[in-house]
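Reading through the structure tokens given below for one structure.
Numbering (the numbering used here), first residue to last: 11 to 110.
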């Protein structure tokens with residue numbers, strides 16, 4: 011039986027998506043930014059049915075903090091009960107630092 015977890019985005023995740031879009035637009039290749047944002051959103055949508063499919067974020071080792079890699083981006087999300095909360099979207103070479 012398929013799950014259907016609701017998905018929400020933290021402001022930091024929305025900001026990351028917008029930075030992707032505007033970054034590529036500034037490089038005169040806005041279509042690349044649009045395509046990448048669309049692909050990232052597709053990965054996130056799959057989490058509604060497979061919320062545990064991402065790996066545990068290695069920097070923290072916390073079971074409910076996971077990520078999906080879509081090169082060159084990391085989609086970091088948290089499992090909060092019966093919902094998926096996307097907390098960050100950023101370039102994969104950056105290490106994750108959560109606010110203290």
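Yeah, the Cβ is synthetic: ideal placement off N, Cα and C, and Gly gets one too. Since the structure is predicted, the reported quantities are computational estimates derived from the model, not experimental observations.
Looking at the structure shown, is residue 18 part of a helix, part of a strand, or coil, going by DSSP? strand
Candidates 44, 31, 25 and 84: which alpha carbon is nearest residue 54's? Comparing Cα positions, the closest option is 84.
Which residue from 44, 96, 58 and 63 puts its Cα closest to that of residue 18? 96
When we look at the beta-carbon of residue 77 and count the other beta-carbons within 10 Å, is it buried (16 or more) or exposed? buried
Based on the DSSP secondary-structure assignment, which residues constitute the bridge partners of residue 83? 80 and 101
Cutting at 7 Å between CB atoms, please list the residues of its own chain near residue 80, excluding the five before and the five after it. Excluding sequence positions up to five before and after residue 80, its CB lies within less than 7 Å of the CB of 49, 50 and 53, all in the same chain and listed in chain order.
Separation of residue 33 from residue 23, as counted between CA atoms: 15 Å
What do you get for residue 99, buried or exposed, if any count of 16 or more other CB atoms within 10 angstroms of its CB means buried? With 16 or more other Cβ atoms from the protein chains shown falling within 10 Å of its own Cβ, residue 99 counts as buried.
Does residue 11 pass the burial test, meaning 16 or more other C-beta atoms within 10 Å, or should it be called exposed? Note on residue 11: pLDDT 48, under 50, position unreliable in the model; no value is reported.
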